[in-house]
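Chemist:
Protein chains: 2
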Amino acid sequence: MRFTSRTSSDGVIERFFTLGEIPGVLWTPEGARDARPLILLGHGGGQHKTHPGVVSSARRYAAGGFAVVAIDAPGHGERPKDAEFARIVAQMRAGLAAGEDPGALVAGMHGHLAGRAVADWRAVLTAVQRLDQVGPGPVGYCGMSMGCGLGVPLIAAEPRIQAAVLGLLGVRGLAEDAGRITVPVRFLVQWDDRLVPREQSLALFDALASADKTLHANPGDHGDVPPFEVEDSLRFFSRHLS
Amino acid sequence: MRFTSRTSSDGVIERFFTLGEIPGVLWTPEGARDARPLILLGHGGGQHKTHPGVVSSARRYAAGGFAVVAIDAPGHGERPKDAEFARIVAQMRAGLAAGEDPGALVAGMHGHLAGRAVADWRAVLTAVQRLDQVGPGPVGYCGMSMGCGLGVPLIAAEPRIQAAVLGLLGVRGLAEDAGRITVPVRFLVQWDDRLVPREQSLALFDALASADKTLHANPGDHGDVPPFEVEDSLRFFSRHLS
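Chains V and D supply the protein sequences, listed in that same order.
Taken in order, the first sequence gives residues 122 to 363; the numbers are from this note's numbering.
Taken in order, the second sequence gives residues 122 to 363; the numbers are from this note's numbering.
(1) Tell me, please, whether the region 218-226 of chain D touches the region 166-174 of chain D by the rule of three or more beta-carbon pairs shorter than 8 Å.
(2) Name the residue from V:183, V:160, V:252, V:291 whose alpha carbon lies nearest to the alpha carbon of residue 311 of chain V.
(3) Tell me, to the nearest whole angstrom, how far the beta carbon of residue 351 of chain V is from that of residue 178 of chain V; I am working on the premise that it is less than 8 Å.
(4) What is the DSSP secondary structure of residue 265 of chain V, reduced to helix, strand or coil?
(5) Give me the Cα-Cα distance between residue 175 of chain V and residue 164 of chain V, rounded to the nearest whole angstrom.
(6) Residue 334 of chain D: buried (16+ other C-beta within 10 angstroms of its C-beta) or exposed?
(7) Residue 231 of chain V and residue 270 of chain V look like a contact to me (Cβ under 8 Å); what is the Cβ gap, rounded to whole Å?
(8) So is residue 368 of chain D in contact with chain V if we call contact Cβ pairs under 8 Å?
(9) Measuring only the C-alpha atoms, how far is residue 213 of chain V from residue 181 of chain V?
(10) Check whether chain D comes within 8 Å of residue 139 of chain V, counting only Cβ atoms and requiring the distance to be less than that.
(11) Classify residue 125 of chain D as buried or exposed, calling it buried when 16 or more other Cβ atoms lie within 10 Å of its own Cβ.
(12) DSSP three-state label for residue 190 of chain D, please.
(13) With 8 Å set as the bound, which would you pick, yes or no: does the beta-carbon of residue 337 of chain D sit closer than that to a beta-carbon of chain V?
(14) Which residue marks the beginning of the beta strand (DSSP E) containing residue 337 of chain V, and which one marks its end?
(15) Can you tell me the Cα-Cα spacing of residue 134 of chain D and residue 337 of chain D, whole angstroms?
(16) Return the chain-ordered ranges of every beta strand (DSSP E) run that is complete within the region 138-182 of chain V and spans a minimum of 3 residues.
(17) Taking C-alpha atoms, which residue in V:325, V:306, V:280 lies nearest to residue 297 of chain V?
(18) Between the region 232-249 of chain D and the region 271-282 of chain D, do at least 3 Cβ pairs fall closer than 8 Å?
(19) Measure the C-alpha to C-alpha separation of residue 266 of chain V and residue 256 of chain V and round it to an integer number of angstroms.
(20) Beta carbon of residue 287 of chain D, beta carbon of residue 273 of chain D: below 8 Å?
(21) What residues from chain V crowd round residue 334 of chain D, counting only those whose CB sits closer than 7 Å?
(22) Is residue 270 of chain V helix, strand or coil by DSSP?
(23) Does DSSP put residue 320 of chain V in a helix, in a strand, or in coil?
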């Protein structure tokens with residue numbers, strides 16, 4: 122794990138790093154020396170590790186005492202796009218424009234990335250937990266949309282993750298992994314989401330095996346999650362990881 | 122308004138009162154002298170103003186700085202049951218036992234009480250706002266199940282109510298009044314509610330005209346709302362009434 126830059130503002134330190142071919146960012150509270158709970162932040166499709174929404178959530182969680190890490194998903198941000206992924210994305214966009222079922226198209230794209238994404242996150246988690254300011258403490262995962270599509274197989278495979286905030290995605294391709302998730306989950310739904318049919322969202326919430334799971338639905342389209350849900354998620358992680 | 126008793130414990134003062142034929146309870150923080158936001162607490166069917174769940178929420182809200190009032194709904198608690206209400210309840214119980222649609226049966230019972238319940242709440246609200254420790258400040262309403270069924274027509278009719286926590290009830294008989302509600306609403310759903318079909322709950326959330334409304338769904342049956350939702354509701358009221 123190689124750190125490439127370090128800046129500090131508003132009480133939060135932001136450090137860019139690479140782990141092999143994986144570029145990432147780590148946020149910690151200024152002055153943090155001891156171990157602390159860690160939140161993994163998965164970005165949405167077409168976004169990257171420093172997408173404004175990712176950075177704003179990360180800084181809020183770090184200000185709340187957490188260590189936070191985001192990485193570029195395969196084919197996203199600074200990472201190369203392989204020809205197969207480019208073909209899948211083009212096909213997905215054409216299908217969406219032609220009015221095909223978005224659930225199937227999006228699930229195909231996520232399915233292509235999931236294997237590498239899960240391996241990336243597990244390697245980054247191991248590396249980050251070796252840092253003094255993180256340590257082997259409790260871990261949460263937060264990801265919406267594609268961040269949920271890659272998060273569900275990750276959480277199903279990774280016993281170190283003990284709580285998760287997921288959502289903005291349907292059940293397509295995820296039912297089996299969701300049925301292996303038993304940690305507490307907060308699940309966000311946008312009630313008028315034009316990309317994710319409501320029934321598909323509710324079915325993914327249903328498929329989670331967690332006894333402690335709460336669905337939060339708000340009016341508006343895919344991108345309209347109200348800012349107070351970040352505060353609510355911070356309290357959720359504080360309750361389950363602190 | 123006539124106060125009949127006053128006790129104080131754990132920083133909260135509890136005073137029983139009657140307003141005409143309406144028996145009620147007022148909770149305020151100890152030492153409260155100035156005006157403060159008020160929460161009206163509507164109990165569930167078959168319950169009353171000092172049902173354990175009502176008292177525990179009331180004390181939590183009062184400890185959080187609010188004035189809180191609960192009254193017995195018509196035909197409940199200390200209030201007389203008229204013959205017509207007794208007939209409707211017997212019919213409802215027989216129908217539920219026979220496997221009839223609970224939504225229609227429950228809506229019939231609420232419909233019978235709603236007119237009187239709305240008038241009671243409006244009279245109590247006017248009386249309580251004359252007290253120095255309450256005053257004419259912001260008002261919230263909190264009611265689940267029957268408390269929601271009587272709350273929806275109340276909020277639709279009462280401009281002094283500026284935020285509400287509702288839920289555990291379906292849309293039957295309430296769509297029109299729900300479409301007149303525009304204040305911020307938190308709406309609770311129990312995902313495995315055997316009394317309220319899920320689709321009927323989601324349809325009531327849908328019918329609310331509020332731009333700011335959030336649905337919280339948790340696993341479990343009608344009575345299994347997790348305790349952390351009371352804390353969440355307190356934060357919701359603090360955000361909108363303080």
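Even for Gly, the Cβ is constructed at its ideal location relative to N, Cα and C.
Modeler: Looking at the coordinates:
(1) no
(2) V:291
(3) 5 Å
(4) strand
(5) 7 Å
(6) buried
(7) 4 Å
(8) Nothing can be reported for residue 368 of chain D, as the shown portion of chain D is limited to 122 through 363.
(9) 33 Å
(10) no
(11) exposed
(12) strand
(13) yes
(14) 334-339
(15) 31 Å
(16) 143-150, 159-163
(17) V:325
(18) yes
(19) 29 Å
(20) yes
(21) 340
(22) helix
(23) helix
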